[in-house]
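Data first, discussion second: the structure below is written as structure tokens.
There are 2 protein chains.
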Amino acid sequence: MSFSNQQSTYEPLTESTATSLATKLGLFEQGAVLRSKEIGDGNLNLVFHIVDDKTNISIIIKQALPYAKVVGESWPLTLKRATIESNALLTYYNLVPDLVPKVFYTDEVLAITVMEDLSHLEISRSGLIKGQNYPLLSEHIGRYLAHTLFYTSDFALNPQEKKKLAHRFSNPELCKITEDLVFTDPFFDIDTNNFESELQADVEKLWNDSKLKLEVAKLKQKFLTQGDALLHGDLHTGSIFASDQETKVIDPEFAFYGPFGFDIGQFLANLVLNALSRETDKQEPLFTHIDKTWAVFVDTFSHLWEKDNVEAYAKIDGYLDSLLKQILEDTIGFAGCEIIRRTIGLAHVADLDQIEDYNAKILSKQQALQLGKELILSRSTISSPTEIRNYFQTSYSY
Amino acid sequence: MSFSNQQSTYEPLTESTATSLATKLGLFEQGAVLRSKEIGDGNLNLVFHIVDDKTNISIIIKQALPYAKVVGESWPLTLKRATIESNALLTYYNLVPDLVPKVFYTDEVLAITVMEDLSHLEISRSGLIKGQNYPLLSEHIGRYLAHTLFYTSDFALNPQEKKKLAHRFSNPELCKITEDLVFTDPFFDIDTNNFESELQADVEKLWNDSKLKLEVAKLKQKFLTQGDALLHGDLHTGSIFASDQETKVIDPEFAFYGPFGFDIGQFLANLVLNALSRETDKQEPLFTHIDKTWAVFVDTFSHLWEKDNVEAYAKIDGYLDSLLKQILEDTIGFAGCEIIRRTIGLAHVADLDQIEDYNAKILSKQQALQLGKELILSRSTISSPTEIRNYFQTSYSY
Numbered sequence: 001m002s003f004s005n006q007q008s009t010y011e012p013l014t015e016s017t018a019t020s021l022a023t024k025l026g027l028f029e030q031g032a033v034l035r036s037k038e039i040g041d042g043n044l045n046l047v048f049h050i051v052d053d054k055t056n057i058s059i060i061i062k063q064a065l066p067y068a069k070v071v072g073e074s075w076p077l078t079l080k081r082a083t084i085e086s087n088a089l090l091t092y093y094n095l096v097p098d099l100v101p102k103v104f105y106t107d108e109v110l111a112i113t114v115m116e117d118l119s120h121l122e123i124s125r126s127g128l129i130k131g132q133n134y135p136l137l138s139e140h141i142g143r144y145l146a147h148t149l150f151y152t153s154d155f156a157l158n159p160q161e162k163k164k165l166a167h168r169f170s171n172p173e174l175c176k177i178t179e180d181l182v183f184t185d186p187f188f189d190i191d192t193n194n195f196e197s198e199l200q201a202d203v204e205k206l207w208n209d210s211k212l213k214l215e216v217a218k219l220k221q222k223f224l225t226q227g228d229a230l231l232h233g234d235l236h237t238g239s240i241f242a243s244d245q246e247t248k249v250i251d252p253e254f255a256f257y258g259p260f261g262f263d264i265g266q267f268l269a270n271l272v273l274n275a276l277s278r279e280t281d282k283q284e285p286l287f288t289h290i291d292k293t294w295a296v297f298v299d300t301f302s303h304l305w306e307k308d309n310v311e312a313y314a315k316i317d318g319y320l321d322s323l324l325k326q327i328l329e330d331t332i333g334f335a336g337c338e339i340i341r342r343t344i345g346l347a348h349v350a351d352l353d354q355i356e357d358y359n360a361k362i363l364s365k366q367q368a369l370q371l372g373k374e375l376i377l378s379r380s381t382i383s384s385p386t387e388i389r390n391y392f393q394t395s396y397s398y
Numbered sequence: 001m002s003f004s005n006q007q008s009t010y011e012p013l014t015e016s017t018a019t020s021l022a023t024k025l026g027l028f029e030q031g032a033v034l035r036s037k038e039i040g041d042g043n044l045n046l047v048f049h050i051v052d053d054k055t056n057i058s059i060i061i062k063q064a065l066p067y068a069k070v071v072g073e074s075w076p077l078t079l080k081r082a083t084i085e086s087n088a089l090l091t092y093y094n095l096v097p098d099l100v101p102k103v104f105y106t107d108e109v110l111a112i113t114v115m116e117d118l119s120h121l122e123i124s125r126s127g128l129i130k131g132q133n134y135p136l137l138s139e140h141i142g143r144y145l146a147h148t149l150f151y152t153s154d155f156a157l158n159p160q161e162k163k164k165l166a167h168r169f170s171n172p173e174l175c176k177i178t179e180d181l182v183f184t185d186p187f188f189d190i191d192t193n194n195f196e197s198e199l200q201a202d203v204e205k206l207w208n209d210s211k212l213k214l215e216v217a218k219l220k221q222k223f224l225t226q227g228d229a230l231l232h233g234d235l236h237t238g239s240i241f242a243s244d245q246e247t248k249v250i251d252p253e254f255a256f257y258g259p260f261g262f263d264i265g266q267f268l269a270n271l272v273l274n275a276l277s278r279e280t281d282k283q284e285p286l287f288t289h290i291d292k293t294w295a296v297f298v299d300t301f302s303h304l305w306e307k308d309n310v311e312a313y314a315k316i317d318g319y320l321d322s323l324l325k326q327i328l329e330d331t332i333g334f335a336g337c338e339i340i341r342r343t344i345g346l347a348h349v350a351d352l353d354q355i356e357d358y359n360a361k362i363l364s365k366q367q368a369l370q371l372g373k374e375l376i377l378s379r380s381t382i383s384s385p386t387e388i389r390n391y392f393q394t395s396y397s398y
């Protein structure tokens, strides 16, 4: 397998060819003896961890597989997502270099991204489940959101550049997964939904709630049509590496131009889902993260707006406030959809599924459904994500 | 000049090479003697009218020029707009074959579209200025709008197909013209604006009206970000050929994926502008057209929604009503912007500019500015375009 020129056809790497690639790329000292291990979950991607034990230098080689395995089924999935992912990482690295992995090399044909090894960090969902609180998580993600959303929007780019970027990040196949799994299937009686029989009555209530479904339909339409900024597209706590000092956002293969509030809403929803899995007296750090994510986002976005806005109307009284109000409304609505789909849809979160006491698990999931619904229906009157904790307390008494 | 294979470099046609092309394409009888005349205004495109006097068969060959001339200035303009135009015509022809010209041939390199000759019809702006009323105009355009907007949206296409179509119609350069000339420049003190000195005070009032400018900013943001459907992008009465029996929409070189209300708003605005140029007792046919365009659009769109909607939420109570309400609000707002920019911006309409009595012209333009402003500010409370005639009467007394 030669890497002197890029390959013309796709083939999956092995631990051995992954090592050869690492050597060829000159990312290690000459003559270094490399150890290679495939550490992915094998569902969507191969992930090779390549280490030089002598110098302790290590890298990750991620390669997209041409299919996706979910609950035993396998369906073909575009390799183009590797290009989307590496392009998004490179774009974000220019904006928030401390909050995304550094990319060393990409190969479009092999669907490969070679990047910084982050294995000294932990996936934040896993840490949060174990009771870690990651004190800097919300400050970092608030800043990440403000920078990535502002600087890829028409407010920072001239609209022609922005349209060219949007064109490059056209991502119909991965968007479809979100359209179906987040916005559609959970709200209809569809086979791929997955929930405990104890939830049947609650779920049927959702399916028959046309007031709720009308609001979800509007949120879905926004997701389908509104190209505000280059979204990560899948910003849950499983796409974030963290420690007490560091935060790194990974896996932007769902990146595309979508509505400002989507990434923020998904992230907040996953904090909510973790809070729902905790004892009442352990929830406060999550509530604080929710408040802080929004507060840091608003502060930073407003600062960038003042500093780098290229839109002629930027200084018009009330424009920023009106935009932030709309972003908040959408954020809360998208968060509601994410909470519901992670509870009864195809792809669950471990936070809820791993609750040991079965009755407690069912109760938490019922609370999740109620909370998700309330957020969607009340999204235009909620003045800050801080209010989420109130809904939370109400929903606990339900 | 050989047409057996498409050319590899662009060069402008002459009357003679246009005739050769027509002959090669086999659109006329063998041995036919063809007459060719360039009938374009030479600003943006060459337009050749090719006729066989013996059979009375004729065609149009339209070729984009690589620059645009406006008020003496010349700037480079993408030839890609010819491809956008011919692709849009072909797309629309599949949807409303009686309302757009038939395309016989296209050549991307030469930026050529060969199409049906419509010279038996008149440009509807010219006819309306002369007092024609085109009784079927609004019925036809209402149907055109409903079909082209519905069938290119996520409600009729699956979202993946729609994204691919949107990708194909990415049109940053021509969008920029609209962003600047419709949504920005007229609301700021910019050199390209063009208005009589008698309007100076009115125009300065607009420039200093930050409540109005905030609303225009929101409409501009919708134009920049909301990809509902494949718009014509420049649907004024100068882009419509008409007679008492027929209506044909031409020139969709600004086509791109934008908000549902934009085409509707531009068309209504140009009816309003013509009404403003008429004596009070000659305005009724325009008001009737405004009412009917919206009524036919709503009826037809609703019918297509029932018949061919692929969106899972289509049958949810209230979804169609809520969508139509939003489209109306945007339509009215976009109409307001168009009325203002056609009065004081770079590109005027002959309807107002050709008013013979100078004082009457200034008065009509003042009314246009007032009406445009009222539409933008009241757009969320207007329940039907029928109300435009009321604003009109109010504005007449101002």
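Residue numbers (UniProt numbering), protein chains in the order written: chain Z, 1 to 398; chain P, 1 to 398.
Note that the Cβ used here is the ideal one computed from N, Cα and C, for glycine as well.
This structure is a prediction, so every number in the text was calculated from the model and none was measured.
- [ ] Could you tell me which residues DSSP puts in a beta bridge with residue 49 of chain Z?
- [x] Position 49 of the first sequence holds residue 49 of chain Z. For residue 49 of chain Z, which the question treats as bridged, DSSP gives the partners Z:37, Z:60.
Open item on the list: Distance check for residue 108 of chain P and residue 64 of chain P, CA to CA, integer angstroms please.
Closed with: Stepping through the second sequence from its first residue, residue 64 of chain P is reached at position 64. Stepping through the second sequence from its first residue, residue 108 of chain P is reached at position 108. Roughly 10 Å separates the two Cα atoms.
Task: Proximal chain Z residues relative to residue 176 of chain P, where beta-carbon distance stays under 7 Å - done: Indexing the second sequence from 1 puts residue 176 of chain P at position 176. Simply 159, 160.
Task: Whole-Å CB distance - residue 261 of chain P paired with residue 334 of chain P, under 8 Å assumed - done: As a position in the second sequence, residue 261 of chain P is number 261, starting the count at 1. As a position in the second sequence, residue 334 of chain P is number 334, starting the count at 1. About 5 Å separates the two Cβ atoms, so the contact holds.
- [ ] With residue 198 of chain Z as the anchor, note down where its beta strand (DSSP E) starts and where it stops.
- [x] Taking the first residue of the first sequence as position 1, residue 198 of chain Z is located at position 198. Where residue 198 of chain Z is concerned, there is no enclosing beta strand (DSSP E), given that its DSSP letter is neither H nor E.
- [ ] Pull up the distance between the alpha-carbon of residue 2 of chain P and that of residue 161 of chain P, whole angstroms please.
- [x] As a working note, residue 2 of chain P is residue 2 in the second sequence. As a working note, residue 161 of chain P is residue 161 in the second sequence. With a pLDDT of 42 at residue 2 of chain P, under the threshold of 50, the modelled position of this residue cannot be trusted; read the value that follows with caution. Roughly 36 Å separates the two Cα atoms.
TODO: Give the DSSP bridge partners of residue 191 of chain Z, in chain order.
DONE: For the purposes of this step, residue 191 of chain Z is taken as the residue at position 191 of the first sequence. BP columns for residue 191 of chain Z are empty, so no partner.
Task: The beta strand (DSSP E) enclosing residue 317 of chain P, as first and last residue numbers - done: The residue labelled residue 317 of chain P in the question sits at position 317 within the second sequence. Taken as a continuous stretch (DSSP letters only), residue 317 of chain P belongs to no beta strand (DSSP E), as it is neither H nor E.
Task: Endpoints, the beta strand (DSSP E) within which residue 107 of chain P is located - done: Counted from its first residue, the second sequence places residue 107 of chain P at position 107. Note, residue 107 of chain P: beta strand (DSSP E), 103-107.
- [ ] State the beta-bridge partners of residue 258 of chain P as determined by DSSP.
- [x] In the second sequence, residue 258 of chain P corresponds to position 258, counting from 1. Partner(s): P:229.
Task: Cross-strand partners of residue 68 of chain Z (DSSP beta bridge) - done: As a working mapping, residue 68 of chain Z is identified with position 68 in the first sequence. DSSP, once it has assigned bridges, lists Z:75 as partnering residue 68 of chain Z.
- [ ] Inspect the CB distances between the stretch 190-207 of chain P and the stretch 341-352 of chain P and report whether three or more fall short of 8 Å.
- [x] yes
Open item on the list: Going by the DSSP bridge assignment, what does residue 156 of chain Z pair with across the sheet?
Closed with: Here residue 156 of chain Z is taken as the residue at index 156 of the first sequence, counted from 1. Residue 156 of chain Z pairs with nothing; no bridge assigned.
Task: Residues bridged to residue 247 of chain Z [DSSP beta-bridge criterion] - done: Your numbering for residue 247 of chain Z matches position 247 in the first sequence. Answer by DSSP bridge pairing, in chain order: Z:242.
- [ ] Quick one: list the residues of chain A neighbouring residue 154 of chain Z, beta-carbon separation under 8 Å, in chain order.
- [x] Absent from the structure: chain A. Protein chains present are Z and P.
Open item on the list: How far does the beta strand (DSSP E) with residue 113 of chain Z in it extend, from its first residue to its last?
Closed with: In the first sequence, the residue the question calls residue 113 of chain Z occupies position 113. Its beta strand (DSSP E) spans residues 112-116.
- [ ] Using a Cβ cut-off of 8 Å, pull out every chain Z residue sitting near residue 378 of chain P, in sequence order please.
- [x] By one-based count along the second sequence, residue 378 of chain P stands at place 378. Residues of chain Z passing the Cβ test: none, with the nearest at roughly 17 Å.
- [ ] In the DSSP assignment, find the unbroken alpha helix (DSSP H) run with residue 379 of chain Z in it and report its ends.
- [x] Here residue 379 of chain Z is taken as the residue at index 379 of the first sequence, counted from 1. Per DSSP, residue 379 of chain Z belongs to no alpha helix (DSSP H) and is neither H nor E.
Task: Cross-chain neighbours of residue 214 of chain Z in chain P, by beta carbon under 9 Å - done: Position 214 of the first sequence, counted from the start, is the residue given in the question as residue 214 of chain Z. Neighbours of residue 214 of chain Z on chain P, chain order: 313, 316, 317, 318, 319, 322.
- [ ] Report the neighbours of residue 184 of chain P on chain Z: residues whose CB is nearer than 7 Å to its CB, in chain order.
- [x] The sequence position of residue 184 of chain P within the second sequence is 184, counting from 1. Correct list: 312.
Open item on the list: Run through chain P and tell me which residues come within less than 7 Å of residue 188 of chain Z, C-beta to C-beta.
Closed with: Locating residue 188 of chain Z in the first sequence gives position 188, counting from the first residue. The contacting residues are 312.
- [ ] With 7 Å as the limit, tell me which residues of the stretch 252-286 of chain P have their beta carbon closer than that to any beta carbon of chain Z; keep them in chain order.
- [x] none
Task: Classification of residue 317 of chain Z by the beta-carbon crowding that lies within 10 angstroms, buried from 16 upward - done: The residue given as residue 317 of chain Z occupies position 317 in the first sequence. Result: exposed.
Task: Below-8 Å beta-carbon distance, residue 14 of chain P vs any chain Z residue - done: What you label residue 14 of chain P is simply residue 14 of the second sequence in a count that begins at 1. Not one chain Z Cβ lies under 8 Å of residue 14 of chain P.
TODO: Measure the C-alpha to C-alpha separation of residue 128 of chain P and residue 119 of chain P and round it to an integer number of angstroms.
DONE: Counting from 1 along the second sequence, the entry for residue 128 of chain P is found at position 128. Counting from 1 along the second sequence, the entry for residue 119 of chain P is found at position 119. Roughly 17 Å separates the two Cα atoms.
Task: Sequence-distant residues of the same chain with beta carbon closer than 6 Å to residue 116 of chain P, five excluded per side - done: For the purposes of this step, residue 116 of chain P is identified with residue 116 of the second sequence, where counting begins at 1. So the list reads 101, 102, once near-sequence residues are dropped.
- [ ] Specify, as a first and last residue, the run of the alpha helix (DSSP H) that residue 80 of chain P falls within.
- [x] Within the second sequence, numbered from 1, the residue matching residue 80 of chain P stands at position 80. Counting along the chain, the alpha helix (DSSP H) containing residue 80 of chain P begins and ends at 80-95.
Task: When P:8, P:187, P:49, P:29 are compared against residue 339 of chain P, the one with the closest alpha-carbon - done: Locating residue 339 of chain P in the second sequence gives position 339, counting from the first residue. Of the listed residues, the one whose Cα sits closest to residue 339 of chain P is P:187.
TODO: Ignoring anything shorter than 4 residues or poking outside the stretch 284-311 of chain Z, list the alpha helix (DSSP H) runs there in chain order.
DONE: 284-308
Open item on the list: For residue 347 of chain Z and residue 375 of chain P, I'd like the C-alpha separation in whole angstroms.
Closed with: Residue 347 of chain Z sits at position 347 when you count from the first residue of the first sequence. Residue 375 of chain P sits at position 375 when you count from the first residue of the second sequence. Roughly 46 Å separates the two Cα atoms.
Open item on the list: So for residue 122 of chain P, helix, strand or coil by DSSP?
Closed with: Looking up residue 122 of chain P in the second sequence gives position 122. If DSSP states are grouped into helix, strand and coil, residue 122 of chain P belongs with the strands.
Open item on the list: Quick check on the burial criterion: 16 or more other C-beta atoms within 10 angstroms. Buried or exposed for residue 311 of chain Z?
Closed with: Here residue 311 of chain Z is taken as the residue at index 311 of the first sequence, counted from 1. Buried, by the Cβ-count rule.
Open item on the list: Going by DSSP in three states, residue 216 of chain Z sits in which element: helix, strand or coil?
Closed with: Within the first sequence, the letter at position 216 stands for residue 216 of chain Z. Three-state DSSP puts residue 216 of chain Z in a helix.
TODO: Could you check what DSSP says for residue 364 of chain P in three-state terms: helix, strand or coil?
DONE: Residue 364 of chain P sits at position 364 when you count from the first residue of the second sequence. Three-state DSSP puts residue 364 of chain P in a helix.
TODO: Starting from residue 131 of chain Z, trace the alpha helix (DSSP H) both ways and give me its first and last residue.
DONE: Position 131 of the first sequence, counted from the first residue, corresponds to residue 131 of chain Z. Note, residue 131 of chain Z: premise wrong, no alpha helix (DSSP H); not H, not E.
Task: Beta-carbon contacts of residue 88 of chain Z that lie in its chain and below 6 Å, excluding the five residues immediately before and after - done: Mapped onto the first sequence, residue 88 of chain Z falls at position 88. Counting only Cβ-Cβ distances below 6 Å, and skipping sequence neighbours, we find 252, 255.
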